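Peer 1: I'd like to ask you about the structure that follows.
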């Protein structure tokens, strides 16, 4: 009996001490980390949305932690301890089958896009393997007054009726749009923090010039590879990889009057400052286009615009970083 | 099976009420666990297919990926592996101590509590009720209290049974099974208490919890099965008893400290992460020591390896050795840069929870259950089970290890994220093929369990199925 007490008791005691050291003490200490600058508790509807996020197990495929590694720069600045002050239960996650969502409210700020994507992810990202969450929506014969139905593209929409988000869907989207990293004042990585989407462009400012110098007749005078990459990272989710948009939801860039215009000022201004409610070829789009002025450099915006102006059959005059700077200075 | 059949037949003494009660308990634990194995891995197959067909079963909220995934993981952990291991531990405690089980009644209570928790946990997860998306502790708090009560009753029974032992010494297996159960009660309680689990504090507790639940519960219980079943099957004592004791204490010293390696590069304190890496390396001591001990016990007896339950134990030992060593390698910061957050981790968890733990359970059940019930499984069907499961898990782990590397390299070269999804498609397809083979092997295993437990022996007229020729 004594031997049994010694072995079982000794092993339990050793383990209890280690559990206190490795779990309880760090837990106590880290539970008291104060919120970082600008980190605020969620509003009631956002908190309700977070509950749905947890209940549906979104965190099994989407992390909410940006590591201080180059590979994670595309998702935002590195996460700081103060970012998680109000995150209980924690949602850092262990797998990235889908992208990290730490900063998705900045990256994908259009609620229309979020609704379509939740209703059927493949309607906006054809290769997506995310489940569709149709039960978060009602299909009604006619949208009630004052309610804007979700403009689900034809092949993905129900045969009859309008798609209306339920309160749960509204809460979930409110939560997703609340996921915005707060800048850390004076942090050394500030430049990277304000340009979370700039990672696609390698930090070699000379490529543009090199490409221009070696450009043969007819070849674009900008960095076509960078333009395509930046477009894929920042624009393709709504406008489509091939710039065709999503009929009724997001405008096509093929033969788009702003893209075709010889004077690029409006094109540049739209990318810099975003747009909403502007009729394009007679169609008004409900979705809001985000502003990229604070996220991308003049050269990156020029590369994106030139990519759009020279792809998919578009042949419009290209622009330079100086043109972008000029439009930026006006406002 | 010829050689092991002769060993297996002898210890069953007809007419001893204690023996019959123990056999009934062992049978019930195994049968209940096996039903859950079939259910939870069917869910696993559905999950695997959803990667190729995202709209599969997408109509019902209960059948979406986010709800089925924790049903699969908690089901395999707490409804398959846990009761199967407790059943084995109870049998081993009684047999290795030369004593009757302390309380058969208490053993039934344990089984009832674990199953109650498993049913309540599965149903509530399907309804979208969980305690956060934190791996292996998604069950609501009160359900985990029920599970903890199951563990308390189990360890009570184990301790009281070993206290009745004939000699002074406590057989090594009981060190591992009793230690593992006591530690796990601490793990469950630490994870349940809410006071120190806010924000980042909860991340620290989660890092500890999810890894200790694996390494301080399933690992010691499985090793306990090795230490008892292997000498029985080899008909020789364990190669080094003291090496087994050394591995016990070193595992206890290093393992609890390594959990934070799941959150490398996270905002957790750097010292916590570094301690975890150092202890991950130190774990090579008990892992290699323990594995060598098992392999040396098997050495030079090929006739006892072939066509016997020892083949399952061999795979289990190799799964332990490879899976744990892989875990150490994964913990290095340099390699985490590639593999962390990719599907490589899913391959690793299947190499360990399946290649090691599940094979250890199968080896233990095939080696010991016939001794308890006097009913042998069909040798051919045991072989079919073995090969389907072995080939299946090999395909599964290889596919996700290669695919996870591709995924990680895609991210590093800055490809658009969706490319890491499309590049995974062929590997996910291979994963479902491997998973399907594993699932079919579980159906064969379920049949074999039926043969070893409730199926009528040859003497009365076979009522449900004819006895296979030459069984």
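Residue numbers (my numbering), protein chains in the order written: chain A, 1 to 331; chain B, 1001 to 1471. Beta carbons are placed, not taken as given, at the ideal position from N, Cα and C, and that holds for glycine. None of these values were measured; they are calculated from a predicted model.
1) Give the DSSP-derived three-state secondary structure of residue 1386 of chain B in the structure shown.
2) Got a sec? Which residues, its chain only, sit under 6 Å from residue 1408 of chain B by beta carbon, not counting five neighbours each side?
3) Note down, one range per segment and in chain order, each beta strand (DSSP E) of at least 3 residues found wholly within the stretch 1170-1206 of chain B.
4) Need the endpoints of the alpha helix (DSSP H) that residue 137 of chain A sits in, please.
5) Considering only residues of the same chain and omitting the five flanking positions on each side of residue 266 of chain A, which have a CB-CB separation below 6 Å?
6) Could you tell me which whole alpha helix (DSSP H) segments of length 4 or greater appear in the stretch 1063-1094 of chain B?
7) Given 8 Å as the limit, is there contact between the stretch 241-251 of chain A and the stretch 303-315 of chain A, that is, 3 or more CB pairs closer than that?
8) Secondary structure at residue 1439 of chain B, three-state DSSP: helix, strand or coil?
9) Just reading off the beta strand (DSSP E) that residue 164 of chain A is part of, what are its end residues?
10) Quick one: what's got a C-beta closer than 6 Å to residue 1021 of chain B's C-beta in the same chain, skipping five residues either side?
11) Restricting to runs no shorter than 4 residues, where is the alpha helix (DSSP H) found entirely within the stretch 10-92 of chain A?
12) If contacts are defined as beta-carbon pairs under 8 Å, then residue 1392 of chain B and residue 1347 of chain B qualify, I think. What distance do you get, rounded to the angstrom?
13) Can you give the beta carbon distance from residue 1183 of chain B to residue 1216 of chain B, rounded, assuming they're within the 8 Å contact cut?
14) When the Cα of residue 92 of chain A is compared with those of A/123, A/179 and A/138, which residue comes out closest?
15) Taking its Cβ as the centre, do 16 or more other Cβ atoms sit within 10 Å of residue 11 of chain A, making it buried, or is it exposed?
16) Once the 5 residues before and after residue 1326 of chain B are set aside, which same chain residues still bring their CB inside 7 Å of it?
17) With three or more beta-carbon pairs closer than 8 Å as the criterion, would you say the stretch 89-105 of chain A touches the stretch 51-68 of chain A?
18) The alpha helix (DSSP H) with residue 315 of chain A in it runs from where to where?
19) Using 10 angstroms around the beta-carbon of residue 1138 of chain B, count the other beta-carbons present and answer buried if the total reaches 16, otherwise exposed.
20) Taking a Cβ distance cut-off of 7 Å, strictly less, list which residues of the stretch 1056-1068 of chain B are near chain A, in chain order.
21) Please identify, using Cβ separations under 7 Å, the residues of the stretch 131-161 of chain A that lie next to chain B, in order along the chain.
22) Would you say residue 179 of chain A lies against chain B (beta-carbon separation less than 8 Å)?
23) Do residue 1452 of chain B and residue 1369 of chain B have their C-beta atoms within less than 8 Å of each other?
24) Name the chain B residues that come within less than 7 Å of residue 105 of chain A, Cβ to Cβ?
25) For the putative contact between residue 164 of chain A and residue 138 of chain A, defined by C-beta atoms under 8 Å, what is the C-beta separation to the nearest angstrom?
26) Taking C-beta pairs closer than 8 Å, name the residues in chain A that residue 1076 of chain B reaches, listed in chain order.
27) Tell me which residues share the same chain as residue 28 of chain A and place their Cβ nearer than 8 Å to its Cβ, disregarding the 5 neighbours each side in the sequence.
28) Where do the ends of the alpha helix (DSSP H) carrying residue 260 of chain A lie?
29) Are the C-beta of residue 1097 of chain B and some C-beta of chain A separated by less than 8 Å?
30) Using a cut-off of 7 Å between C-beta atoms, extract the partners of residue 7 of chain A located in chain B.
31) Would you list, in chain order, the members of the stretch 95-121 of chain A that have their beta-carbon closer than 7 Å to a beta-carbon of chain B?
32) Name the chain B residues that come within less than 7 Å of residue 335 of chain A, Cβ to Cβ?
33) Output needed for residue 37 of chain A: all residues of its chain with C-beta closer than 7 Å, excluding positions within five of it in sequence on either side, in chain order.
34) Quick test of your reading: residue 292 of chain A and residue 272 of chain A, contact by CB under 8 Å. State the CB separation rounded to the nearest angstrom.
35) Tell me which residues of the stretch 40-70 of chain A have at least one Cβ-Cβ distance to chain B shorter than 7 Å, keeping chain order.
36) Scan the stretch 1262-1290 of chain B for residues whose Cβ lies nearer than 9 Å to a Cβ of chain A and list them as they occur along the chain.
Peer 2: Taking the coordinates as given:
1) The residue labelled residue 1386 of chain B in the question sits at position 386 within the second chain. Looking at residue 1386 of chain B - three-state DSSP - the assignment turns out to be helix.
2) If you number the second chain from 1, residue 1408 of chain B lands on position 408. Cβ neighbours of residue 1408 of chain B beyond the five flanking positions: 1338, 1339 and 1342.
3) none
4) Along the first chain, read from residue 1 onward, the residue named residue 137 of chain A stands at position 137. Run containing residue 137 of chain A: none in the alpha helix (DSSP H); it sits in the beta strand (DSSP E), 137-140.
5) On the first chain, position 266 is the one that residue 266 of chain A refers to. Excluding sequence neighbours, residue 266 of chain A sits near 258.
6) 1065-1074
7) yes
8) Counting from one through the second chain, the residue named residue 1439 of chain B turns up at place 439. If DSSP states are grouped into helix, strand and coil, residue 1439 of chain B belongs with the helices.
9) Locating residue 164 of chain A in the first chain gives position 164, counting from the first residue. Unbroken beta strand (DSSP E) run through residue 164 of chain A: 162-165.
10) Counting from one through the second chain, the residue named residue 1021 of chain B turns up at place 21. So the list reads 1104, once near-sequence residues are dropped.
11) 25-31 and 44-55
12) As a working mapping, residue 1392 of chain B is identified with position 392 in the second chain. As a working mapping, residue 1347 of chain B is identified with position 347 in the second chain. With a Cβ gap of about 13 Å, residue 1392 of chain B and residue 1347 of chain B do not count as contacting.
13) Position 183 of the second chain, counting from 1, holds the residue named residue 1183 of chain B. Position 216 of the second chain, counting from 1, holds the residue named residue 1216 of chain B. The Cβ separation is near 4 Å, so the contact holds.
14) In the first chain, counting from the first residue as 1, residue 92 of chain A sits at position 92. By alpha-carbon distance to residue 92 of chain A, the top candidate from A/123, A/179 and A/138 is A/179.
15) In the first chain, the residue the question calls residue 11 of chain A occupies position 11. That one is buried.
16) In the second chain, the residue the question calls residue 1326 of chain B occupies position 326. Same-chain partners within the cutoff: 1348 and 1351.
17) yes
18) Numbered from its first residue, the first chain carries residue 315 of chain A at position 315. Where residue 315 of chain A is concerned, there is no enclosing alpha helix (DSSP H), given that its DSSP letter is neither H nor E.
19) Translated into positions along the second chain, residue 1138 of chain B becomes position 138. Classification for residue 1138 of chain B: buried.
20) Residues of the stretch 1056-1068 of chain B with a Cβ closer than 7 Å to any Cβ of chain A, in chain order: 1058, 1061, 1064, 1065, 1066 and 1067.
21) 131, 132 and 135
22) For the purposes of this step, residue 179 of chain A is identified with residue 179 of the first chain, where counting begins at 1. Closer than 8 Å: no.
23) Within the second chain, the letter at position 452 stands for residue 1452 of chain B. Within the second chain, the letter at position 369 stands for residue 1369 of chain B. Going by C-beta atoms, residue 1452 of chain B is nearer than 8 Å to residue 1369 of chain B.
24) Indexing the first chain from 1 puts residue 105 of chain A at position 105. The contacting residues do not exist; residue 105 of chain A stays about 17 Å from chain B at best.
25) Here residue 164 of chain A refers to the residue found at position 164 of the first chain. Here residue 138 of chain A refers to the residue found at position 138 of the first chain. Going by Cβ atoms, the distance from residue 164 of chain A to residue 138 of chain A rounds to 5 Å, so yes, they are a contact pair.
26) Along the second chain, one-based indexing puts residue 1076 of chain B at 76. Ordered by position in chain A, no residue passes the 8 Å Cβ test against residue 1076 of chain B, which lies about 15 Å from the chain.
27) Counting from one through the first chain, the residue named residue 28 of chain A turns up at place 28. The answer is none, since no qualifying residue turns up.
28) The residue you call residue 260 of chain A lines up with position 260 of the first chain. First-last of the alpha helix (DSSP H) with residue 260 of chain A: 257-260.
29) Here residue 1097 of chain B refers to the residue found at position 97 of the second chain. No, no contact with chain A.
30) Numbered from 1 along the first chain, position 7 holds the residue referred to as residue 7 of chain A. Neighbours of residue 7 of chain A on chain B, chain order: 1170 and 1175.
31) 95, 96 and 99
32) Outside the shown range of chain A, which is 1 to 331, sits residue 335 of chain A, and nothing can be said about it.
33) Within the first chain, numbered from 1, the residue matching residue 37 of chain A stands at position 37. These residues qualify, in order along the chain: 182, 184 and 185.
34) By one-based count along the first chain, residue 292 of chain A stands at place 292. By one-based count along the first chain, residue 272 of chain A stands at place 272. Confirmed, Cβ separation roughly 6 Å.
35) 54, 55, 56, 57, 58, 59, 60, 63, 65, 67, 68 and 69
36) 1262, 1263, 1264, 1265, 1266, 1267, 1268, 1269, 1272, 1275 and 1276
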